[in-house]
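Trainee: With the first letter of the sequence shown counted as 1, position 91 gets the number 91 in the UniProt record's numbering; the numbers rise by one all the way through. Positions of the beta carbon are idealized from the N, C-alpha and C atoms, including for glycine. Since we're looking at a predicted model, the values are computed, not measured.
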Amino acid sequence: MSGEHSVVDLSSPPSMHPNHQQQTLKPPLDVWNEERIEMAMKTLKEMHIQLRNLRTSIPRLIAPLTAQHQTPQIVIEEFAKSIKTANQEIKQFEELMVSEESCKIFNQARKSRAENPESIKPWSVTENPDWLTRDD
């Protein structure tokens, strides 16, 4: 994959141009405060949702081949649509997994686990019934 990621330098002060709107300064990217951890949890939740949805990609991919259609042309068109949709879903998941922010999240999780392995409790989906519901 040859995706390019834009990087914004947050370490420099905001522009002093007279028309520049005042911005709230965010903490440095290496600080894992509550807000950043919550954003990381949202990213991980989206990853989990996308991964769970990929489990049904093959059945959805071949569904047009098993349905009754009026003509072979319609079968081909519907199958092509399902291929395109599956490719888009896979690409979107791959981009999320290899993004710079996701790598930082995984590195922070490894670091946290190494520093304090006893503080990690097992997770159960029954404790979080809304885990597969996107926060809009």
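1) My output table needs one value for residue 48: the three-state DSSP class, helix, strand or coil.
2) So, with DSSP's three-state summary, where would you put residue 37?
3) Spatial neighbours of residue 93 within its chain, please: C-beta separation below 7 angstroms, excluding the five flanking residues on both sides.
4) Mind checking which residues open and close the alpha helix (DSSP H) that includes residue 74?
5) Residues in its own chain within less than 8 angstroms of residue 113 by CB, not counting five upstream and five downstream?
6) Could you tell me the boundaries of the alpha helix (DSSP H) in which residue 64 lies?
Mentor: Looking at the coordinates:
1) Taking the first residue of the sequence shown as position 1, residue 48 is located at position 48. Residue state, collapsed to three classes: helix.
2) As a working note, residue 37 is residue 37 in the sequence shown. It is helical.
3) As a working mapping, residue 93 is identified with position 93 in the sequence shown. Around residue 93: 50, 51, 54.
4) Counting from one through the sequence shown, the residue named residue 74 turns up at place 74. Start and end: 72-98.
5) On the sequence shown, position 113 is the one that residue 113 refers to. For residue 113, where only same-chain residues beyond five positions count, the Cβ hits under 8 angstroms are 120.
6) By one-based count along the sequence shown, residue 64 stands at place 64. From DSSP, the alpha helix (DSSP H) with residue 64 extends over 57-66.
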